[in-house]
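Everything on this sheet refers to the single structure shown next.
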Amino acid sequence: MFESDLLQNKIILVTGGGSGLGLSMAKRFADLGATLVICGRTPERLTSGAAEIQQAGHGREAFTFSCDVRDYQAVERMMAAIIEKAGMPNILVNNAAGNFLAATEDLSPGGFDAVVKIVLYGTFNCTQALAKHWIAQKIPGTVLNIVTTYAENGSAFVVPSACAKAGVLAMTRSLAVEWGVYGIRLNAIAPGPFPTEGAWKRLFPSAEFGEQYKKRVPLGRFGEHSELTNLAAFLVSDGAPYVNGECVAIDGGESIAGAGQFSQLMQLERGMLKKMMRQMRGS
Ligand code: HXC
Ligand code: NAP
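The sequence shown runs contiguously to residue 376 in the working numbering.
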């Protein structure tokens with residue numbers, strides 16, 4: 094789909110890049126010529142992730158930094174260390190997240206805090222700590238924030254995540270305007286369901302729920318990681334220099350399927366539905 098050197102000479106930091114979609118994006122970016130830096134809290138996950146990224150990147154070194162994005166000082170220290178060891182990142186992907194299913198009346202203050210601090214504060218911390226360097230040194234940069242489709246509409250049983258992702262979306266759009274003058278662009282991707290161990294073990298209570306879930310998606314299936322990583326590569330690349338402040342949903346049509354008042358007719362067998370429509374027209 095892309096020239097093999099699409100991201101050559103780019104240094105890309107992916108938060109939470111040791112697993113799931115973050116790792117898939119990091120591998121795709123490395124394959125397209127970028128130098129990758131990943132961070133997360135679990136050193137073993139970073140080490141194994143870096144080995145996969147290095148392989149995808151045709152042997153190019155991948156850098157790892159153990160860091161909790163909730164801690165602003167730690168993030169600032171990490172940015173300084175990245176610049177020293179790997180060079181100045183041109184691209185930041187805020188992918189690290191926390192989430193779990195909970196009835197909101199049972200949620201402890203600490204539970205709300207944990208998710209909002211990772212998602213909303215973590216995104217702010219990484220974005221501001223890196224952009225300060227970009228702005229001071231007049232370096233154009235690109236930020237890609239991974240949100241969710243329910244950042245727009247909210248969702249039951251994931252209230253901390255919905256609040257935090259909505260905040261990240263507002264941050265994306267606000268800074269796209271505020272920092273456009275510095276040549277910094279910010280965009281977001283809102284993924285539908287893409288199987289990962291991290292999301293599935295926290296959000297999908299059973300295999301049966303997963304099968305039922307697919308029926309919500311007009312395309313009738315979950316997303317494939319390569320579909321999302323292609324979109325991410327395009328948005329962060331120099332092929333999309335005028336895309337700024339945009340949020341692209343990649344969800345097989347899931348998020349709009351529930352919105353149309355007559356979309357529930359999809360549940361009827363198509364031949365039967367057409368027969369009903371002919372009868373209505375006739376009468
Ligand atoms: C209720 C819970 C809970 C649960 C933790 N807590 N798990 N409350 N239900 N299942 C509460 C704890 O009681 C505690 O509050 C507080 O949250 C912090 O818990 P810790 O275990 O100390 O936190 P920590 O080790 O920092 O872990 C953070 C975490 C965890 C968010 C709770 O799940 C995590 O590390 N997640 C990272 C990866 C992840 O979530 N990936 C999924 C992303 S998928 P108290 O008050 O007792 O101290 C996604 C969108 C998917 O975002 C959309 C799919 C379609
Ligand atoms: P995942 O594998 O659990 O990824 C989350 C990553 O974030 C992990 O590598 C985790 O590593 C890291 N992380 C968590 N807390 C952190 C912290 N405090 N500091 C630094 N790193 C931290 O889940 P995923 O499904 O790939 O999710 C990736 C992104 O896609 C998230 O933003 C998620 O909201 C979004 N998303 C996913 C789906 C989906 O269907 N999978 C749908 C919509 C949106 P450590 O635990 O080692 O720190």
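The beta carbon of each residue, even a glycine, is placed where N, CA and C say it ideally should be.
A quick note: this is a predicted structure, and the numbers were derived from the prediction, not measured.
- Per DSSP, P136 lies in no beta strand (DSSP E); the unbroken alpha helix (DSSP H) holding it starts and ends at 136-149.
- If you check the CB distance, L321 and L114 come in under 8 Å.
- Inter-residue distance for A325 and I282 is about 8 Å (C-alpha atoms, whole angstroms).
- For T241, the secondary structure class from DSSP, reduced to helix, strand or coil, is coil.
- For T108, the enclosing beta strand (DSSP E) starts and ends at 104-108.
- The ligand NAP has no heavy atom closer than 7 Å to the beta-carbon of D206.
- Of all alpha-carbon atoms in S141, N102, G273, the one lying nearest the alpha-carbon of D124 is that of N102.
- In summary, K120 is buried, with 16 or more beta-carbon neighbours lying within 10 Å of its beta-carbon over all protein chains present.
- Judged by DSSP in its simplified three-state form, V341 adopts strand.
- The DSSP assignment places complete beta strand (DSSP E) segments of no fewer than 3 residues inside the segment 254-287 at 278-284, in order along the chain.
- For L328, the three-state secondary structure derived from DSSP is helix.
- Contact check between the segment 266-280 and the segment 297-316: fewer than three CB pairs, one atom from each, fall below 8 Å, which does not count as touching.
- Under DSSP, the beta-bridge partners assigned to V186 are V107, L237.
- Going by C-alpha positions, A167 is about 14 Å away from K210.
- The DSSP-derived three-state label of S348 is helix.
- The alpha-carbon separation between E169 and G332 amounts to approximately 30 Å.
- In the pairwise beta carbon analysis, the segment 211-228 is classified as touching the segment 248-264: at least three pairs are separated by under 8 Å.
- Taking each of A195, F205, L223, N246 in turn and checking the Cα distance to I184, the smallest one comes out for L223.
- Within the DSSP bridge table, the entry for L129 names I105 as partners.
- Annotated as proximal: F122 and I105, with beta-carbon spacing under 8 Å.
- For S117, there is no enclosing beta strand (DSSP E); the residue is found in the alpha helix (DSSP H) stretching over 113-124.
- In the three-state DSSP reduction, T220 falls in the helix class (H, G or I).
- Note on geometry: alpha-carbon atoms of Y275 and F95 lie some 28 Å from one another.
- For S112, the closest of G142, S319, V310, D98 by C-alpha to C-alpha distance is G142.
- For the options P288, G150, V130, L129, the alpha carbon positioned closest to that of S97 is the one of G150.
- When secondary structure is reduced to three states using DSSP, S201 falls in the coil class, being assigned neither helix nor strand.
- CA-to-CA, the gap between E198 and N246 works out to about 20 Å.
- Distances between the C-beta of R134 and the heavy atoms of the ligand NAP include at least one below 7 Å.
- Taking all protein chains shown into account, M172 has 16 or more neighbouring C-beta atoms within 10 Å of its C-beta and is therefore buried.
- At a cut-off of 7 Å, the beta-carbon of F193 counts as near the ligand HXC: some heavy atom of the ligand is closer than that.
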